[in-house]
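Heads up: the structure comes next, in structure tokens.
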Amino acid sequence: MEIEGVIEQCLPNTMFRVRVTQAPAESLKSKILLGTLAGKMRLYRIRVLPGDEVKGYVSKYDLGKCKITYRSIKTPLQQN
0 MEIEGVIEQC LPNTMFRVRV TQAPAESLKS KILLGTLAGK MRLYRIRVLP GDEVKGYVSK
60 YDLGKCKITY RSIKTPLQQN
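Under numbering that gives the first Met the number 0, the first residue of the sequence shown carries the number 0, and numbering increases by one thereafter.
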């Protein structure tokens, strides 16, 4: 199941607490999951910090863990 969420806390071993914001199942919304980085994010050392918006997926067998597959890029607001 695909989810979207926000990083709440960084833990050792590239693990994170992820608060779910959007999910296909109502039971997952606003739940906090234990997330780890997926393979390509680990390989290319993509930095993930608290407050980042991420996408990932949850296995149907363990609804308490997720894999983080994408970090949304935050563009700074332009000052005129």
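Using N, Cα and C, we set each Cβ at its ideal position, and we do this for glycine too.
One Cα belongs to ILE6, the other to GLU52, and the distance between them is close to 7 Å.
Short of 6 Å from the beta carbon of GLN21, and not among the five residues preceding or following it, lie these beta carbons of its own chain, in chain order: GLU3. For LYS39, the secondary structure class from DSSP, reduced to helix, strand or coil, is helix. When DSSP states are grouped into helix, strand and coil, LEU48 belongs to the coil group. DSSP lists GLU3, TYR69 as the beta-bridge partner residues of LYS54.
By the Cβ neighbour-count rule, MET0 is exposed, with fewer than 16 other Cβ atoms within 10 Å of its own. The bridge partners DSSP lists for LEU27 come to none.
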